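What the sequence shown shows, in the numbering used here, is residues 79 to 360, in sequence order. Cβ coordinates follow ideal geometry from the N, Cα and C atoms, glycine included. Note that the structure is predicted; figures quoted are calculated from it, not measured. Have a look at the structure below, then the notes.
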Amino acid sequence: MQVAKSIVEVRDAVAESRQRGSRVGCVPTMGALHAGHLSLMTECRRQCDYVVVWIFVNPTQFAPHEDLGKYPRPLEDDLAKCSAAGVDLVFTPEVSTLYPEGFETFVTVDQLSRVFEGTQRPTHFRGVSTIVTKIFNIIQPDVACFGQKDYQQQALIRRMVRDLDIPVEIVTCPTIREPDGLALSSRNMYLNKDERQAALSLYQSLQWASERVRAGETDLVRLRGEMLDQLRQQPLVQPDYATIADADTLEVLDVPRGRMVALVAARVGTTRLIDNLLLPEL
Ligand code: PAF
79 MQVAKSIVEV RDAVAESRQR GSRVGCVPTM GALHAGHLSL MTECRRQCDY
129 VVVWIFVNPT QFAPHEDLGK YPRPLEDDLA KCSAAGVDLV FTPEVSTLYP
179 EGFETFVTVD QLSRVFEGTQ RPTHFRGVST IVTKIFNIIQ PDVACFGQKD
229 YQQQALIRRM VRDLDIPVEI VTCPTIREPD GLALSSRNMY LNKDERQAAL
279 SLYQSLQWAS ERVRAGETDL VRLRGEMLDQ LRQQPLVQPD YATIADADTL
329 EVLDVPRGRM VALVAARVGT TRLIDNLLLP EL
């Protein structure tokens, strides 16, 4: 496995693999790799001959008060995991490589960056769409794998790729969960034992919403309220939102329609967690 720090090294390695006729895939990550990321690598490997993993804690998607400084960076561990997963190339650039002095160009996906996570984190998705554009420009992959766990992120990236005619296929891989249902997240490591237990309520509220829709519930306004009530019953959980939306546009729905997704976000102790579930199609 090759580990690259410069853009030139990545471009050369990818060009060489293309000359051999490879289909190139990439898995963008911020490191602190867990089984969720490994499942993205497995899917990428299944679809592609040459797999590039991107490891970079992207400062522009963190607000000044967020956890950029304390975000975990276990690089040696991450490289060992990539190697075991059969990755061909890992790119771990420095901040100054991607954001040189005088950097001032950003990509914004207007509406999709403002809703849900965007209301709590107004500059977050501008940072994500900008860095993902850079990923696509540097690696020029045929395929890029993202997790369903960050549902809004993958919806926004799909929209950006469509709107800007970026020639990459976006693959969204299912959320990987602990046996008790907690969605894997690098931020789970901040939870203490009681918070870890309370955090299960996020997935439980999603499952409950899914069952209600399957059973024929058509009042999604009431359902949203009930999801929030359920989350509030947990003293350690402070919900930000619990909602049901169109699975592509993320428009909030009052009555069931087409492909739908239930989305929740909550602070559990001091840790902010998100989760989602695609709902049964009617
Ligand atoms: O999902 C992530 O880890 C990040 O948002 C991404 C896509 C790697 C961009 O920094």
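Could you check what DSSP says for residue i in three-state terms: helix, strand or coil?
i, result
"residue 303", "helix"
"residue 312", "coil"
"residue 425", "With the chain covering 79 to 360 only, the question about residue 425 has no answer from this structure."
"residue 128", "strand"
"residue 151", "coil"
"residue 194", "coil"
"residue 114", "helix"
"residue 222", "strand"
"residue 282", "helix"
"residue 365", "The question about residue 365 has no answer here: the residues shown for the chain are numbered 79 through 360."
"residue 85", "helix"
"residue 137", "helix"
"residue 90", "helix"
"residue 255", "strand"
"residue 333", "coil"
"residue 325", "coil"
"residue 261", "strand"
"residue 287", "helix"
"residue 320", "strand"
"residue 158", "helix"
"residue 96", "helix"
"residue 298", "helix"
Give me the Cβ distance between residue i and residue j, rounded to the nearest whole Å; I'm assuming they're in contact under 8 Å.
i, j, result
"residue 249", "residue 121", "6 Å"
"residue 22", "residue 347", "Nothing about residue 22 can be read from this structure; the chain reaches only from 79 to 360."
"residue 287", "residue 305", "6 Å"
"residue 253", "residue 226", "5 Å"
"residue 191", "residue 181", "Their Cβ separation, rounded to whole angstroms, is 19 Å, which puts residue 191 and residue 181 out of contact at 8 Å."
"residue 357", "residue 230", "In fact, because the Cβ distance is near 16 Å, the residues do not count as touching under 8 Å."
"residue 298", "residue 331", "5 Å"
"residue 205", "residue 296", "No, residue 205 and residue 296 are not in contact; Cβ-Cβ is about 38 Å, not under 8 Å."
"residue 195", "residue 352", "7 Å"
Could you spell out the range, first to last residue, of the beta strand (DSSP E) harbouring residue i?
i, result
"residue 239", "Note, residue 239: premise wrong, no beta strand (DSSP E); alpha helix (DSSP H) at 229-241."
"residue 350", "349-356"
"residue 343", "338-346"
"residue 107", "102-107"
"residue 82", "80-82"
"residue 169", "167-169"
When we look at the beta-carbon of residue i and count the other beta-carbons within 10 Å, is it buried (16 or more) or exposed?
i, result
"residue 80", "exposed"
"residue 344", "buried"
"residue 271", "exposed"
"residue 159", "buried"
"residue 291", "buried"
"residue 124", "exposed"
"residue 355", "buried"
"residue 333", "exposed"
"residue 152", "exposed"
"residue 167", "buried"
"residue 157", "buried"
Closer than 6 Å by C-beta to residue i: which residues in its own chain qualify, once you throw out the five before and the five after it? Chain order, please.
i, result
"residue 236", "248"
"residue 185", "207, 208 and 211"
"residue 238", "187 and 207"
"residue 312", "276 and 279"
"residue 214", "244 and 246"
In the DSSP assignment, the alpha helix (DSSP H) including residue i goes from what residue to what residue?
i, result
"residue 175", "173-176"
"residue 209", "202-217"
"residue 276", "271-276"
Please go through the same chain and pick out, in chain order, the residues whose beta-carbon is closer than 8 Å to the beta-carbon of residue i, but skip the five residues on each side of it.
i, result
"residue 217", "88, 92, 102, 104, 130, 132 and 169"
"residue 198", "318, 343 and 350"
"residue 274", "260 and 266"
"residue 262", "112, 113, 114, 227, 253, 254, 255 and 256"
Cutting at 7 Å between CB atoms, please list the residues of its own chain near residue i, excluding the five before and the five after it.
i, result
"residue 107", "115, 131, 132 and 133"
"residue 117", "251 and 254"
"residue 85", "175 and 216"
"residue 99", "none"
"residue 165", "79, 119, 129 and 131"
"residue 320", "283, 302, 305, 306, 309 and 342"
"residue 136", "108, 205 and 209"
Closer than 6 Å: residues whose CB approaches a heavy atom of ligand 3:
Among the ligands modelled here, namely ligand 1, ligand 3 does not occur.
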